[in-house]
Amino acid sequence: MEKKWHDRIRADILGLDRKVPLADGTKRPYINLDNAATTPPLAPVVKVVQSFLPWYSSVHRGFGYKSQLSTEVYHEARRQIMAFFGVPASEYIALFVKNTSEGLNKLAQRLPFEEGAVLSTWMEHHSNDLPWRLWKQARFIELTPDGCLDLADLERKLKKGQPRIKLVTVCGASNVTGIINPLQTIAELAHHYGAQIAVDAAQLAPHYPLRLRTDGAEPLDYLSFSGHKIYAPFGTGVLCGPAESFRTGTPDQVGGGTVIAVSREGVVFAPLPDREEVGTPNLIGAVALAAALRWLARNDFKRITAYEAALTEYAYERLKTVPGLILYGPPPKRYPRIGVISFNLEGIPHGLVAAFLAFEAGIGVRHGCFCARPYVHHLLGLSKSAILSYENLAKAGRKCLLPGMVRVSFGFYNTKNEIDLLVDALKDLRQEEEKIKNRYRIDPATGEYLPKIGNFKGALLRHTKTFFHL
Ligand SMILES: Cc1ncc(COP(=O)(O)O)c(C=O)c1O
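For reference, each letter of the sequence shown is one residue, going 85 to 554 in the working numbering.
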């Protein structure tokens, strides 16, 4: 029953049949374990996009039938996205942006809070750290030794911080450890001390039914997420929040579409949402994102969440059987996690592990610091002086020596069999460690590990050219 259900939803992912070249010249079906970076498209989403494209026209900028239809479709996509995330249209707004990063940058620039009144955390992706750090001189919630948020530190800073904290901004789930943060507790604490809460939902939204407002739960104030991480890679993200926060003041980006009157003397901004969405909107992205959310709702999102949780526990336990494999963060049995697991293999550079998996097993993973350097440094237990010396190495372009981890991350379509293949490959690497190390060289320009034999980059370029026929 479970298998049949899973086979059916897995079949909706586009491209699972594609084979990729290995270093020895053979080809193998690709195993994508890099869903935290981006997810493959859902075929039904692509179908919806294709069915709409013949009708595609300008939004808000024409009176022809197709323009009117396109405008209506854009509004309907926004309505559906808001309903999915429990965003009440009466007081809140969902703004289309390019991705989570753009949403968080917009929020950091639009909120009027004084310097020091925003509290971020040391667990964040750079996109929920740097905008607050650079525009709002944010302070940061500390971490426990195993990489969870220190809630006592959060409360201390909410209670005693000067200036008083007006906003707590936190990831729903970490892109390094997959830890799901206790959003309800954080929201209750923030509200109790008179602050709002913003959730960077880039990682959580694709794996867990998340609602800004829902009966019986503490409301959240802001959400930001990306379509390309929810099986709709068409360049759209969303920022939701109270309409009041965006109704007045100068938008972070201005130009066509944001105004209702402009004269030599002055500017009158349009009502929401237009004043916050500069230029021609990404209508196709909006259509695709709404379609992906409908697909999740129709395919029992709660069951998908439960499936992914079981897969994550399975992967964590299986990875533990690889000799010398170091896992980061608390085990998923002890702490709720989405399907993101980072690790190192003792004595083998993370870049080499990723290269071996790509070139000899056809498995796609990510390695490095995953745009969350302070968190990775914490989990690796690096001292301040070590971090400084690594910064100097980075400045000198010696990337292969930088610290990091290997990350595997799952989508609903991944299987236990794929995890078994990953674990087998890692055990092979461990067993043949010296021989395998000898099969790779470091590309001095990029710091990447490449196979000594064959011309992988040449083949890659030839493949690239096949997409530029027209
Ligand atoms: C937790 C988290 N926040 C923000 C982002 C940025 O997302 P995007 O690149 O779609 O802007 C990512 C991307 O990996 C992420 O994992």
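Ideal Cβ placement from N, Cα and C applies to all residues, glycine included.
As the structure is a computational prediction, the values presented were derived from the model and not from experiment.
- In this structure the stretch 125-137 touches the stretch 91-100; the number of beta carbon pairs closer than 8 Å is three or more.
- Ligand 1 never approaches His553 closely enough for any of its heavy atoms to be under 7 Å from the residue's Cβ.
- Spatial neighbours of Glu502 in its own chain (CB-CB distance under 6 Å, excluding positions within 5 residues in sequence) are listed in chain order as Ile115.
- A contact between stretches requires three or more CB pairs, one per stretch, nearer than 8 Å, and the stretch 187-202 fails this requirement with the stretch 435-450.
- Taking a C-beta distance under 8 Å as the contact criterion, Lys511 and Val406 qualify as a contact pair.
- At least 8 Å separates the beta-carbon of Phe443 from that of Val490.
- Distance from Ala279 to Lys250 at the Cβ level is roughly 5 Å; contact confirmed, criterion being Cβ atoms closer than 8 Å.
- Phe169 has its alpha-carbon roughly 14 Å from the corresponding atom of Lys386.
- Following the DSSP letters along the chain, one finds Ile97 in no beta strand (DSSP E), marked with neither H nor E.
- In this structure, the alpha-carbon of Leu486 lies about 9 Å from that of Gly435.
- Around the CB of Met85, fewer than 16 other CB atoms lie within 10 Å, so the residue is classed as exposed.
- Along the stretch 385-439, the alpha helix (DSSP H) occurs as fully enclosed runs of 4 or more residues at 385-403, listed in sequence order.
- Here Ser473 carries a helix assignment [DSSP, helix/strand/coil].
- A residue is called buried once 16 or more other Cβ atoms fall within 10 Å of its Cβ, and Asn119 is buried on that count.
- The shortest C-alpha to C-alpha distance from Leu356 to any of Asn539, Tyr419, Ser154, Phe180 is the one to Phe180.
- With a cutoff of 7 Å, His291 does not count as near ligand 1, since its C-beta is closer than that to no heavy atom of the ligand.
- Counted as a single uninterrupted DSSP element, the beta strand (DSSP E) harbouring Ser310 occupies residues 306-310.
- Listed in chain order, the non-local C-beta contacts of Val492 below 6 Å within the same chain comprise Leu117, Ile425, Val449, local neighbours out to five positions each way being set aside.
- In the displayed model, Thr155 falls within a helix according to three-state DSSP.
- Contact between Glu360 and Phe330 holds, since their C-beta atoms are separated by about 5 Å, short of 8 Å.
- Set against 7 Å, the gap from the CB of Thr334 to the closest heavy atom of ligand 1 is not smaller.
- Per DSSP, Arg331 is one residue of the alpha helix (DSSP H) stretching across 328-331.
- Note on geometry: alpha-carbon atoms of Leu203 and Leu395 lie some 33 Å from one another.
- DSSP places Pro113 inside the beta strand (DSSP E), whose first and last residues are 111-113.
- Ser473 has its CB no nearer than 7 Å to any heavy atom of ligand 1.
- Beta-bridge partners assigned by DSSP to Ala289: none are found.
- Pro215 is a Cβ neighbour of Ala192, given a cutoff of 8 Å.
- Taking the Cα positions, Gly340 is about 14 Å away from Asn366.
- In terms of CA proximity to Ala372, Val157 leads the group Val157, Lys241, Leu545.
- Here Lys549 carries a helix assignment [DSSP, helix/strand/coil].
- Nearest to Val254 by C-alpha distance, out of Pro247, Thr499, Asp305, Leu403, is Asp305.
- Annotation: the continuous beta strand (DSSP E) that includes Thr253 extends over 251-255.
- With a threshold of 7 Å, the Cβ atom of His209 counts as near ligand 1, since some heavy atom of the ligand is closer than that.
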